[in-house]
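Participant: Here it is, the structure in full.
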Amino acid sequence: MIYRDSKTILEVRNLCASVSGTPILKNMNFTVKSGEVHAIMGPNGSGKSTFSKVLAGHPDYEITGGTVLFEGKNLLELEPEERARAGVFLAFQYPIEIPGVGNNQFLRLTYNTVQTHRGKEELDPLEFDDFVREKMKLLEMREDFLDRSVNAGFSGGEKKRNEILQMALLEPSLAILDETDSGLDIDALRIVSNGVNHLANKDNAIVLVTHYQRLLNYIVPDFVHVMEAGRIIKSGGKELALELETRGYDWVSEEYKAASRVTA
Amino acid sequence: MSAATTHSASPYIQGLIADQPRLASSPQTWLNKLRSVAVEAVSELIIPTTRDEEWRFTDISMLTKVSLQPAHTAIKLTHADIKRFQLKEASTRLVFVDGVYASKLSTPFGSGITVSNLATELADNSSVIKQHLGQHAAFKENVFSALNTAFLHDAALIMLPPNKAVSAPLHLLFIATQKEVVSYPRCLILADTGCEATIVEDYVSTQDEAYFTNAVTEFVLADNARIHHIRAQREGAKAFHIANCSAVLSRSSNYQSVHVAMGARISRYNLNIKLAEGAECSADGLALISGRQLADTHTCIDHVQPHGISRQLHKCIVDGAAHAVFNGKIMVRHGAQKTDSQQSNRTLLLTDKAHVDTKPQLEIFADDVKCTHGATIGQLDSEEVFYLQSRGLSNALARNMLTYAFGAEIIERISVTSLKKSLERTVLEQTSTPL
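Quick mapping for you: the protein sequence lines, in order, are chains A and B.
Throughout, this note's numbering is defined as the position within the first sequence, counted from one, plus 884.
Throughout, this note's numbering is defined as the position within the second sequence, counted from one, plus 1.
Okay, structure coming up:
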């Protein structure tokens, strides 16, 4: 939701990034304020996923230009774990499996690590158990979820729910959801979306990176952006997503090219 | 032993035989015969070198440079000394100190089944022991099995009667206390029809100097018997550990084995499993080594008859300049149709100097079988490290956690909780994850 006295959470200016020498992001500009929900859409290879990973600090990407300010701080000089502790959260498109490490232990370790760095109290195993079970209700997760190994043998929907559970625990001020809707059936999509909507408030912001409009029926964005060739070529309100659903991406691309010719 | 046969053996083997105290001859003439056949076999064999295909990657020449004496047989350990090695689930425990049975430290099984020292059971159970002892772990072409058999005296004997299910694990504890000695641990497990048991074969040490453990274990599973075999090799840092284990599986029997190799400077484990019709086995393993350790696991899963099932997941975590070897042969004999076999070997190399040689082998002589095998070697996956970092964990902690998890997948298959926890702690210490 758009609030009048919101503060700027993320400010990306002319961001350029490449992977093994190939430029992927080319002068990306993007601003997010507290309380807002943004959707970044675009065809495959437009740089959406790269952008999310760059924000989270993935080591494979080299920043070749531009700036990223997160709550006024230079995000690019922080390690991935420092970004997480500062309040950046990335829900992975493909969450990794860690057989041998219990989900409960893992969640408690990440929670307590982040809490400590934020100068807050850690929870002991019993306190954490109560705390996490409360959050699990939000995502309609079965109790045995905690006893299993992290994501090991989880269905696609269970993995995504586990991602949102981590978001609920870590309370980020900026949550980036990378194709969280992909591979979900309607039921799982509804549960995951409810969870995200419940977590959204006036102090945090959510960036949905998605291919399809479907997710946006459940999590209604304030802004919709279209990415192509490593930059945002069009921004609009939630109605833009519907237009993209019926007309595809080509017309946006044409429009952008025409506009570029005029300005050139 | 005649002069003609002895002169072909290496001086090292001569030394091993000559320096040992002569075993008193047994009232069981067959046992004396077995030993002397083994002595003859020894005299015709040499210590293998890396020119030998089966030992290509494992150089044990260091072993021949250590002067090894016979172990003193007087046992000085007390209950207090071995407390830390006890498993709280196991009320039945046989303890062998430097290969010698320690009756005062042992708690044999009450009644109904036999879990005791073979030497004391010979008089009563001679015929059944004779039928199996030394008959499954072939020693004619294996100098280490032959040496062990030549010095056969004390041994762990387990005889499980038909349809008996033993719920508590049976703990066979082999403790090395003396330096520069050689010991010959031996186990014979006879599992009768339909019985069930968990057997822990555990090698530990109270000292860190060089010594040599040369062990032989034989499992005989009758029809429908179910055995869970857990083997923990936690020898001292400078130890040599060479072990041969054979498991013979009758119709529809089930042998689940988990082998964890963490100790010893150089270790070698040969596991041979033979499956009759409808028999099922798993042969999982974890080698967790660092420094200049070498851990070699050779397995042969031999499907002799149809409808057998075998599963194998062998993992290696190699740190420092350590060296892991895995050679896993799956044999499907002519006529062993409908065999279902899966083998996987996964290795994690933690440094540039860590090294692994892996050789999966499939030999299939039947035409209607399902066999898969594969091997992967790698470093920690950077995507996985990034995932954990993105949840606030430091790079070092993320790496430790993933290393721990890699090994934990095998350790989780150990059904004895206290041993599982203890091995998990060792993995945690080696990977230093503060979980």
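Think of the CB as a built atom: it goes at the ideal place given N, C-alpha and C, for glycine as much as any other residue.
Because the structure is a prediction, the values reported are computed rather than measured.
Would you mind working out which of Cys282(B), Ser383(B), Thr418(B), Cys301(B) sits nearest Ala169(B), comparing C-alpha positions?
Facilitator: Numbered from its first residue, the second sequence carries residue 169(B) at position 168. The residue with the shortest Cα to Cα distance from Ala169(B) is Thr418(B).
Participant: On a Cα-Cα basis, can you pick out the residue from Asp382(B), Ile302(B), Glu281(B) that is closest to Glu981(A)?
Facilitator: Here residue 981(A) is taken as the residue at index 97 of the first sequence, counted from 1. Nearest C-alpha to Glu981(A): Asp382(B).
Participant: Against chain A, does Arg392(B) count as a neighbour if the rule is that its beta carbon must be under 8 Å from one of theirs?
Facilitator: If you number the second sequence from 1, residue 392(B) lands on position 391. With 8 Å as the cut-off, Arg392(B) counts as an interface residue toward chain A.
Participant: Just to confirm, is the Cβ distance from Ile231(B) to Ile83(B) under 8 Å?
Facilitator: In the second sequence, counting from the first residue as 1, residue 231(B) sits at position 230. In the second sequence, counting from the first residue as 1, residue 83(B) sits at position 82. Cβ atoms of Ile231(B) and Ile83(B): not closer than 8 Å.
Participant: Is the Cβ of Ala5(B) closer than 8 Å to any Cβ of chain A?
Facilitator: Counted from its first residue, the second sequence places residue 5(B) at position 4. Only weak support is given to the placement of Ala5(B): the predicted model assigns it a pLDDT of 35, under 50, and the value that follows is read from those uncertain coordinates. False, the Cβ-Cβ gap to chain A never drops below 8 Å.
Participant: Using DSSP's beta-bridge definition, name the partner residues of Glu197(B).
Facilitator: Taking the second sequence and counting its residues from 1, one reaches residue 197(B) at position 196. Looking at the DSSP assignment, Glu197(B) forms a beta bridge with Ala166(B), Arg227(B).
Participant: Cβ closer than 7 Å: which chain B residues qualify as neighbours of His1095(A)?
Facilitator: Stepping through the first sequence from its first residue, residue 1095(A) is reached at position 211. Chain B residues near His1095(A): none, gap ~21 Å exceeds 7 Å.
Participant: So Met402(B) contacts chain A; which residues on that side make the cut at Cβ distance below 9 Å?
Facilitator: The residue labelled residue 402(B) in the question sits at position 401 within the second sequence. By Cβ distance, chain A contributes Ile982, Val985, Phe990, Leu993.
Participant: Pull up the distance between the alpha-carbon of Gly393(B) and that of Thr404(B), whole angstroms please.
Facilitator: As a working mapping, residue 393(B) is identified with position 392 in the second sequence. As a working mapping, residue 404(B) is identified with position 403 in the second sequence. Taking the straight line joining both Cα atoms gives about 18 Å.
Participant: Just to confirm, is the Cβ distance from Val217(B) to Asn149(B) under 8 Å?
Facilitator: To locate residue 217(B), count along the second sequence from 1; it is residue 216. To locate residue 149(B), count along the second sequence from 1; it is residue 148. In contact: Val217(B) and Asn149(B) (Cβ atoms closer than 8 Å).
Participant: Indicate whether at least one CB of chain A lies closer than 8 Å to the CB of Ala406(B).
Facilitator: On the second sequence, residue 406(B) is found 405 positions in, with the first residue counted as 1. Chain A, which has a Cβ nearer than 8 Å to the Cβ of Ala406(B), makes this yes.
Participant: Which whole-angstrom value is the C-beta distance of Ala923(A) and Leu1092(A), which I expect to be below 8 Å?
Facilitator: Reading the first sequence from its first residue, position 39 is the one you call residue 923(A). Reading the first sequence from its first residue, position 208 is the one you call residue 1092(A). Right, the Cβ-Cβ distance comes to about 5 Å (below 8 Å), so this counts as a contact.
Participant: Measuring only between beta-carbons, confirm whether Ser342(B) sits less than 8 Å from chain A.
Facilitator: For the purposes of this step, residue 342(B) is identified with residue 341 of the second sequence, where counting begins at 1. With 8 Å as the cut-off, Ser342(B) does not count as an interface residue toward chain A.
Participant: Rounding to the nearest angstrom, what Cα-Cα distance links Phe1038(A) and Ile331(B) in this structure?
Facilitator: For the purposes of this step, residue 1038(A) is taken as residue 154 along the first sequence, with counting starting at 1. For the purposes of this step, residue 331(B) is taken as residue 330 along the second sequence, with counting starting at 1. Distance between the alpha carbons of Phe1038(A) and Ile331(B) is about 31 Å.
Participant: Between Asn346(B), Ser104(B), Ser251(B), Gly111(B), which has its C-alpha nearest Ala120(B)'s C-alpha?
Facilitator: Residue numbering aside, residue 120(B) sits at position 119 when the second sequence is read from its first letter. The option with the nearest alpha carbon to Ala120(B) is Ser104(B).
Participant: I'd like the list of long-range same chain contacts for His238(B), defined as Cβ closer than 6 Å, with 5 residues on each side in sequence excluded.
Facilitator: Indexing the second sequence from 1 puts residue 238(B) at position 237. According to the sequence shown, residue 238(B) is Ala rather than His. Excluding positions up to five away in sequence, the list reads Asp209.
Participant: Does the separation of the CB atoms of Gly264(B) and Gly292(B) fall below 8 Å?
Facilitator: Counting from 1 along the second sequence, the entry for residue 264(B) is found at position 263. Counting from 1 along the second sequence, the entry for residue 292(B) is found at position 291. For Gly264(B) and Gly292(B), no; Cβs fall outside 8 Å.
Participant: Along the region 409 to 427 of chain B, what residues have a CB closer than 7 Å to any CB found in chain A?
Facilitator: Taking 7 Å as the Cβ-Cβ cut-off against chain A, the residues of the region 409 to 427 of chain B that qualify are Ala409, Glu410, Glu413.
Participant: Over what stretch of residues does the alpha helix (DSSP H) that includes Asn1101(A) continue unbroken?
Facilitator: Numbered from 1 along the first sequence, position 217 holds the residue referred to as residue 1101(A). Note, Asn1101(A): premise wrong, no alpha helix (DSSP H); not H, not E.
Participant: Whole-angstrom Cβ separation of Leu974(A) and Asp1028(A), contact assumed at under 8 Å?
Facilitator: Your numbering for residue 974(A) matches position 90 in the first sequence. Your numbering for residue 1028(A) matches position 144 in the first sequence. 26 Å between Cβ atoms; not a contact.
Participant: Does any CB atom of chain A fall closer than 8 Å to the CB of Ser283(B)?
Facilitator: One-based indexing of the second sequence puts residue 283(B) at position 282. Chain A contact via Cβ: absent.
Participant: Answer with yes or no whether the minimum CB distance from His1109(A) to chain B is below 8 Å.
Facilitator: Position 225 of the first sequence, counted from the first residue, corresponds to residue 1109(A). It does not: the Cβ of His1109(A) has no partner Cβ on chain B nearer than 8 Å.
Participant: Out of Trp56(B), Ser27(B), Leu17(B), point me to the one whose CA is closest to Asp297(B)'s CA.
Facilitator: Locating residue 297(B) in the second sequence gives position 296, counting from the first residue. Minimum Cα distance to Asp297(B) is reached at Trp56(B).
Participant: Which residues in chain B sit within 7 Å of Phe976(A), going by Cβ to Cβ distance?
Facilitator: Along the first sequence, one-based indexing puts residue 976(A) at 92. Ordered by position in chain B, the residues that pass the 7 Å Cβ test against Phe976(A) are Tyr388.
Participant: Going along the chain, which residues of its own chain have a beta-carbon closer than 7 Å to the beta-carbon of Ile962(A), five neighbours each way excluded?
Facilitator: Position 78 of the first sequence, counted from the first residue, corresponds to residue 962(A). It should be pointed out that residue 962(A) corresponds to Leu in this sequence rather than to Ile. Excluding sequence neighbours, Leu962(A) sits near Gly941, Ala970.
Participant: Should Val1076(A) and Met925(A) be called a contact, given that it needs their Cβ atoms to be closer than 8 Å?
Facilitator: Position 192 of the first sequence holds residue 1076(A). Position 41 of the first sequence holds residue 925(A). Going by C-beta atoms, Val1076(A) is not nearer than 8 Å to Met925(A).
Participant: Would you mind stating whether His304(B) and Leu276(B) have Cβ atoms separated by less than 8 Å?
Facilitator: Translated into the one-based positions of the second sequence, residue 304(B) becomes position 303. Translated into the one-based positions of the second sequence, residue 276(B) becomes position 275. In this structure, Leu276(B) lies closer than 8 Å to His304(B) by Cβ.
Participant: Quick one: what's got a C-beta closer than 6 Å to Ile1059(A)'s C-beta in the same chain, skipping five residues either side?
Facilitator: On the first sequence, position 175 is the one that residue 1059(A) refers to. Note on identity: in this sequence residue 1059(A) is Ala, with Ile being the wrong assignment. Once the five neighbours on either side are set aside, the close Cβ partners of Ala1059(A) are Phe973, Met1051, Ile1090.
Participant: Tell me where the beta strand (DSSP E) around Leu158(B) begins and ends.
Facilitator: Within the second sequence, the letter at position 157 stands for residue 158(B). Start and end: 157 to 161.
Participant: Using the three-state DSSP reduction, which class does Val43(B) fall into: helix, strand or coil?
Facilitator: As a first step, residue 43(B) must be located in the second sequence, where it is residue number 42. Note: Val43(B) maps to helix in three-state DSSP.
Participant: Given this structure, state the Cα-to-Cα distance separating Thr50(B) from Ile378(B), to the nearest angstrom.
Facilitator: Indexing the second sequence from 1 puts residue 50(B) at position 49. Indexing the second sequence from 1 puts residue 378(B) at position 377. Approximately 26 Å between the Cα atoms of the pair.
Participant: CA-CA distance, Glu281(B) and Thr1130(A)?
Facilitator: Position 280 of the second sequence, counted from the start, is the residue given in the question as residue 281(B). Position 246 of the first sequence, counted from the start, is the residue given in the question as residue 1130(A). Rounded to whole angstroms, Glu281(B) to Thr1130(A) spans 57 Å at the Cα level.
Participant: Measuring straight from C-alpha to C-alpha, what distance separates Gly931(A) and Ser251(B)?
Facilitator: Position 47 of the first sequence, counted from the start, is the residue given in the question as residue 931(A). Position 250 of the second sequence, counted from the start, is the residue given in the question as residue 251(B). Spanning the two alpha carbons is a distance of roughly 60 Å.
Participant: Closer than 7 Å: is that where the CB of Ser206(B) sits relative to any heavy atom of the ligand HEM?
Facilitator: The ligand content of the structure shown is nil, which means the ligand HEM is not present either.
Participant: Using the C-alpha atoms, what's the distance from Tyr212(B) back to Ala72(B)?
Facilitator: As a working note, residue 72(B) is residue 71 in the second sequence. As a working note, residue 212(B) is residue 211 in the second sequence. If I take the Cα positions, the gap works out to 10 Å.
Participant: Note down, in chain order, each residue of its chain lying with its Cβ closer than 7 Å to the Cβ of His1001(A), except the 5 sequence neighbours on either side.
Facilitator: The residue you call residue 1001(A) lines up with position 117 of the first sequence. Once the five neighbours on either side are set aside, the close Cβ partners of His1001(A) are Arg969.
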